[in-house]
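Here is the structure we will look at, set down as structure tokens.
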Amino acid sequence: MSWWVMAVMALVTFSCRFSFFNTLINFNFSSRLQRLLSFAAPAVLTAMWAPIVFMSNGQTLVATLWDPFLIAGLATVLMSIVIRQTLLVVILGMGLFVAMQYSVA
Amino acid sequence: MTDSLTHHETSPRLLGRSKLCVQALIDVFPLALAMLPWGVLCGSLSIEMGLSAWQAQCMSLFVFAGAAQLSSLNLLGVMAPPAAIVSSTVVISSRHLLYSAVLRSDVAHLSLRWRCLLAFLLTDEMFALAVAFKQKYRYFSPLYALIVGLGIYSVWNIATLIGIVASQQWAGLSHLGLEFAVAAIFIAIVIPMIKSFPILVAVLISGVTAIICTQFSVENGLLIAAGLGMLAGYCCPPKEAR
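If you read the sequences in order, they're chains Z and Y.
Okay, so the first sequence: first residue is 779 according to this note's numbering, each after it adds one.
Okay, so the second sequence: first residue is -2 according to this note's numbering, each after it adds one.
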């Protein structure tokens, strides 16, 4: 890979990240757009975790219910509803996953 | 714009500087751990694809975008032209436009130096934690975001280095299932955010769409899923309106 391709890549990633951080163009989002953006965080994060939990091989839906990713993932969802302590939920979820991963293997 | 932060419905629970740092380090630790295998893979794949060790490290130092880096290396492997590599980077990085838009009102009052720094470190993980922090404490902390971002940046680069110098010994790392940590953390962040019916709809549509897109190997399914989820939530009338 040539250095300039890498430089362009770095420029692209930084531009995307900095895009709306610029204050040269002074504008405010309309209240409609702001409402739309209020769904961005839960939507995009779910688009990242759902495939990990339901498609543990990375390509297809899980074929078995006894899958560490599926069971521990769903358990984490349930625990998040009941327990409001984020860190505790993560630790319990990970613990269940590790326990299952090694009992299945 | 700064005032919108302080005049929030619920008053912010400001944290002291040292408490903030400790909190950031605790929060970033599992996410940083989960990205180790990806960083190692990125480093070793770079060498395999013919990059020099120096180039491989510089890619993580300056491009600093896991998915875009891995995709560009795969394209390099199939002899794709530079234009294809750049356009794949544009497509993959476009989700950062969304993060940037969401955080705009939070960083608008910061100096250019701070905005550049936070933009450079703006990753999926940093976005997730910064938003979760804001949800919990009712304010955006640039320092918290910076520490989280730096934590991820250093682990990503150390992992790349490990991949460059010792890829063989660390090859088994990707089979440990560390990506489950990412899922668990994102779940624990998202579920408490579901405080209204429209948000629930947004989450369900986004999740189902992401799964369908992955199943059919739709390119950039992440952005399609997030977009559809956001639109679905937006079109869903809030409870008061019905």
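We put the beta carbon where it would ideally sit given N, CA and C, even for glycine.
Chain Y residues whose Cβ lies nearer than 7 Å to that of residue i
i             : result
residue 823/Z : 125, 183, 186, 187
residue 843/Z : What residue 843/Z touches in chain Y: nothing, since even the nearest Cβ is about 16 Å away.
residue 848/Z : Within 7 Å Cβ-Cβ: nothing; residue 848/Z doesn't reach chain Y, min ~10 Å.
residue 797/Z : 94, 97
residue 859/Z : 188
Classification of residue i by the beta-carbon crowding that lies within 10 angstroms, buried from 16 upward
i             : result
residue 794/Z : buried
residue 838/Z : exposed
residue 51/Y  : exposed
residue 781/Z : exposed
residue 229/Y : buried
residue 174/Y : buried
residue 179/Y : buried
residue 232/Y : exposed
residue 239/Y : Confidence in residue 239/Y is poor, its pLDDT being 47 and thus under 50, which makes the residue's placement unreliable; the coordinate value appears in the next sentence. Result: exposed.
residue 33/Y  : buried
residue 86/Y  : buried
residue 196/Y : buried
residue 823/Z : buried
residue 814/Z : buried
residue 846/Z : buried
Contacts around residue i, its chain only, beta-carbon distance under 7 Å, and the 5 residues preceding and following it disregarded
i             : result
residue 220/Y : 91, 92
residue 46/Y  : 70, 73, 74
residue 250/Y : Since the displayed chain Y opens at -2 and closes at 239, residue 250/Y lies outside it and no answer follows.
residue 870/Z : 857
residue 261/Y : With chain Y represented from -2 up to 239, any question about residue 261/Y goes unanswered, as that position is not in the structure.
residue 18/Y  : 144
Where residue i falls: helix, strand or coil (DSSP)
i             : result
residue 10/Y  : coil
residue 795/Z : helix
residue 874/Z : helix
residue 862/Z : coil
residue 51/Y  : helix
residue 835/Z : coil
residue 175/Y : coil
residue 24/Y  : helix
residue 868/Z : helix
residue 182/Y : helix
residue 804/Z : coil
residue 781/Z : helix
residue 197/Y : helix
residue 842/Z : coil
residue 77/Y  : coil
residue 216/Y : coil
residue 2/Y   : Low per-residue confidence applies at residue 2/Y: pLDDT is 45, beneath 50, and the placement is therefore not dependable, though the value from the model is reported in the following sentence. The answer is helix: DSSP assigns residue 2/Y an H, G or I state.
residue 46/Y  : coil
residue 818/Z : helix
residue 62/Y  : coil
residue 90/Y  : helix
Check: residue i C-beta below 7 Å from any heavy atom of the ligand ATP
i             : result
residue 128/Y : Absence of the ligand ATP from the depicted structure is noted, as is the absence of any ligand whatsoever, leaving it without description.
Cβ-based neighbour list, residue i, same chain, cut-off 8 Å, excluding 5 preceding and 5 following
i             : result
residue 99/Y  : 124, 128
residue 852/Z : 831
residue 155/Y : 36
residue 119/Y : 93, 96, 97, 100, 146
Closer than 7 Å at the beta carbon, the chain Z residues around residue i
i            : result
residue 91/Y : 794
residue 69/Y : 787
Partner residues on chain Y for residue i, Cβ-Cβ distance less than 8 Å
i             : result
residue 839/Z : 208, 212
Close beta carbons around residue i, own chain, < 6 Å, minus the five adjacent residues each side
i             : result
residue 217/Y : 88
residue 21/Y  : 141, 144, 145
residue 35/Y  : 63
residue 126/Y : 24, 145
Amino acids of chain Z, ordered along the chain, whose beta-carbon sits closer than 8 Å to that of residue i
i             : result
residue 55/Y  : 784
residue 26/Y  : Those within 8 Å of residue 26/Y in chain Z number zero; the least Cβ separation is about 10 Å.
residue 227/Y : 814, 815, 817, 818, 821
Listed by chain order, chain B residues near residue i by CB distance under 8 Å
i             : result
residue 176/Y : Reference to chain B is not applicable here, since the protein chains of this structure are Z and Y.
Under 9 Å by beta carbon: chain Z residues contacting residue i
i            : result
residue 79/Y : 779, 780, 782, 783, 786
Chain Y residues whose Cβ lies nearer than 9 Å to that of residue i
i             : result
residue 877/Z : Correct list: empty, because the minimum Cβ distance to chain Y is about 12 Å.
Return the chain-ordered ranges of every alpha helix (DSSP H) run that is complete within the stretch 104 to 173 of chain Y and spans a minimum of 4 residues.
109 to 117, 121 to 134, 139 to 163
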